[in-house]
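Engineer:
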Amino acid sequence: MSERARAFLLEPRFAVLGTLRPDGSPHLTVVWYELRGDEIVFDTTTTRVKARNLSADPRASILIGDMSLYVRINGRARVTATGREALEDIRRLAVRYDGAEAAERQVREVWSKQERVTYALSIERIYEYGLE
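When we follow the working numbering, the leftmost residue of the sequence shown carries the number 11, and every step to the right adds one.
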(Lines of atoms letter the chains of each structure in order from A and count residues from 1; the text may use other names and numbers.)
(Lines give C-alpha, C1' and ligand atoms only; values in the text may rest on other atoms or scores of the structure.)
Protein backbone atom coordinates (compact mmCIF):
# COMPACT_ATOMS: atom_id res chain seq x y z
CA MET A 1 0.00 0.00 0.00
CA SER A 2 1.34 3.42 -0.89
CA GLU A 3 1.83 6.08 1.77
CA ARG A 4 -0.79 8.22 -0.01
CA ALA A 5 -3.32 5.40 0.22
CA ARG A 6 -2.49 4.86 3.89
CA ALA A 7 -2.98 8.57 4.64
CA PHE A 8 -6.26 8.53 2.67
CA LEU A 9 -7.54 5.51 4.62
CA LEU A 10 -6.63 7.06 7.98
CA GLU A 11 -9.24 9.77 7.41
CA PRO A 12 -12.82 8.95 8.48
CA ARG A 13 -14.67 8.16 5.26
CA PHE A 14 -17.64 5.95 4.59
CA ALA A 15 -16.87 2.63 2.96
CA VAL A 16 -18.95 0.30 0.84
CA LEU A 17 -18.45 -3.33 1.82
CA GLY A 18 -19.22 -6.05 -0.69
CA THR A 19 -19.90 -9.62 0.42
CA LEU A 20 -21.29 -12.67 -1.38
CA ARG A 21 -24.78 -14.01 -0.76
CA PRO A 22 -25.23 -17.81 -0.69
CA ASP A 23 -26.46 -17.71 -4.32
CA GLY A 24 -23.26 -15.89 -5.35
CA SER A 25 -24.89 -12.51 -5.91
CA PRO A 26 -23.26 -9.44 -4.37
CA HIS A 27 -24.48 -7.69 -1.22
CA LEU A 28 -23.31 -4.09 -0.71
CA THR A 29 -23.59 -2.08 2.48
CA VAL A 30 -22.12 1.13 3.88
CA VAL A 31 -19.86 0.68 6.91
CA TRP A 32 -17.60 2.64 9.21
CA TYR A 33 -14.04 1.33 9.16
CA GLU A 34 -10.62 1.85 10.65
CA LEU A 35 -7.21 0.99 9.22
CA ARG A 36 -5.32 -1.05 11.83
CA GLY A 37 -1.88 -2.01 10.67
CA ASP A 38 -2.48 -3.49 7.24
CA GLU A 39 -6.10 -4.55 7.79
CA ILE A 40 -9.44 -2.80 7.45
CA VAL A 41 -11.52 -3.24 10.61
CA PHE A 42 -15.31 -2.91 10.72
CA ASP A 43 -18.07 -3.94 13.10
CA THR A 44 -21.68 -5.11 12.78
CA THR A 45 -24.34 -7.12 14.56
CA THR A 46 -24.31 -10.90 14.26
CA THR A 47 -27.78 -10.87 12.65
CA ARG A 48 -26.96 -8.61 9.70
CA VAL A 49 -26.75 -10.01 6.18
CA LYS A 50 -23.05 -9.10 5.90
CA ALA A 51 -22.22 -11.13 9.02
CA ARG A 52 -24.12 -14.16 7.73
CA ASN A 53 -22.47 -13.82 4.33
CA LEU A 54 -18.96 -13.56 5.81
CA SER A 55 -19.62 -16.56 8.02
CA ALA A 56 -20.36 -18.62 4.92
CA ASP A 57 -17.70 -17.09 2.65
CA PRO A 58 -15.04 -14.70 4.01
CA ARG A 59 -14.20 -13.15 0.64
CA ALA A 60 -15.03 -9.45 0.54
CA SER A 61 -14.26 -6.16 -1.16
CA ILE A 62 -14.36 -2.69 0.29
CA LEU A 63 -14.43 0.61 -1.60
CA ILE A 64 -13.49 3.82 0.20
CA GLY A 65 -13.66 7.22 -1.46
CA ASP A 66 -15.59 9.12 -4.08
CA MET A 67 -15.54 9.59 -7.85
CA SER A 68 -12.14 11.29 -8.02
CA LEU A 69 -10.19 9.48 -5.27
CA TYR A 70 -10.70 5.96 -4.01
CA VAL A 71 -9.13 2.80 -2.72
CA ARG A 72 -10.57 -0.65 -3.41
CA ILE A 73 -9.41 -3.62 -1.38
CA ASN A 74 -10.12 -7.29 -1.96
CA GLY A 75 -9.41 -9.82 0.74
CA ARG A 76 -10.79 -12.20 3.33
CA ALA A 77 -12.51 -11.11 6.51
CA ARG A 78 -11.93 -12.82 9.83
CA VAL A 79 -13.63 -12.34 13.17
CA THR A 80 -11.36 -10.47 15.58
CA ALA A 81 -13.77 -9.74 18.43
CA THR A 82 -17.20 -10.53 19.82
CA GLY A 83 -19.09 -9.49 22.93
CA ARG A 84 -17.52 -6.78 25.08
CA GLU A 85 -14.47 -6.41 22.83
CA ALA A 86 -16.67 -5.87 19.77
CA LEU A 87 -18.68 -3.29 21.73
CA GLU A 88 -15.43 -1.43 22.41
CA ASP A 89 -14.61 -1.60 18.71
CA ILE A 90 -17.92 -0.02 17.67
CA ARG A 91 -17.44 2.63 20.36
CA ARG A 92 -14.01 3.42 18.90
CA LEU A 93 -15.44 3.64 15.39
CA ALA A 94 -18.29 5.87 16.58
CA VAL A 95 -15.87 8.27 18.24
CA ARG A 96 -13.93 8.40 14.96
CA TYR A 97 -17.05 9.23 12.93
CA ASP A 98 -19.47 10.97 15.33
CA GLY A 99 -17.45 12.14 18.35
CA ALA A 100 -17.31 10.92 21.95
CA GLU A 101 -20.67 12.22 23.16
CA ALA A 102 -22.68 10.65 20.34
CA ALA A 103 -20.66 7.43 20.65
CA GLU A 104 -21.45 7.06 24.35
CA ARG A 105 -25.15 7.69 23.72
CA GLN A 106 -25.26 5.06 20.96
CA VAL A 107 -23.41 2.52 23.12
CA ARG A 108 -25.78 3.09 26.01
CA GLU A 109 -29.04 3.22 24.03
CA VAL A 110 -28.45 0.78 21.18
CA TRP A 111 -25.22 -1.15 20.82
CA SER A 112 -24.95 -2.49 24.37
CA LYS A 113 -28.22 -4.35 23.71
CA GLN A 114 -26.94 -6.03 20.55
CA GLU A 115 -24.73 -9.01 19.86
CA ARG A 116 -21.84 -7.45 17.94
CA VAL A 117 -18.92 -8.82 15.96
CA THR A 118 -15.76 -7.16 14.64
CA TYR A 119 -14.03 -8.21 11.43
CA ALA A 120 -10.60 -7.50 9.99
CA LEU A 121 -10.29 -7.56 6.21
CA SER A 122 -6.89 -8.66 4.95
CA ILE A 123 -5.45 -6.78 2.01
CA GLU A 124 -4.87 -9.40 -0.67
CA ARG A 125 -5.26 -6.94 -3.53
CA ILE A 126 -5.45 -3.15 -3.53
CA TYR A 127 -6.29 -0.67 -6.26
CA GLU A 128 -5.73 3.05 -5.81
CA TYR A 129 -7.30 5.68 -8.05
CA GLY A 130 -6.48 9.39 -8.13
CA LEU A 131 -3.93 9.23 -5.33
CA GLU A 132 -0.83 9.80 -7.45
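Quick reminder that beta carbons are idealized off the backbone N, C-alpha and C, glycines included.
1) Give me the Cα-Cα distance between GLU142 and LEU27, rounded to the nearest whole angstrom.
2) Specify the secondary structure class of ARG23 as computed by DSSP and reduced to three states.
3) Along the chain, where does the alpha helix (DSSP H) that runs through GLY93 open and close?
4) Can you grab the Cα-Cα spacing for the pair LEU79 / TYR139, in whole Å?
5) Would ALA54 be called buried (16 or more neighbouring beta carbons within 10 Å of its own) or exposed?
Structural biologist: The structure says:
1) 24 Å
2) coil
3) 93-108
4) 6 Å
5) As written in the sequence, residue 54 is Thr, which differs from the Ala given in the question. Flag for THR54 reads buried.
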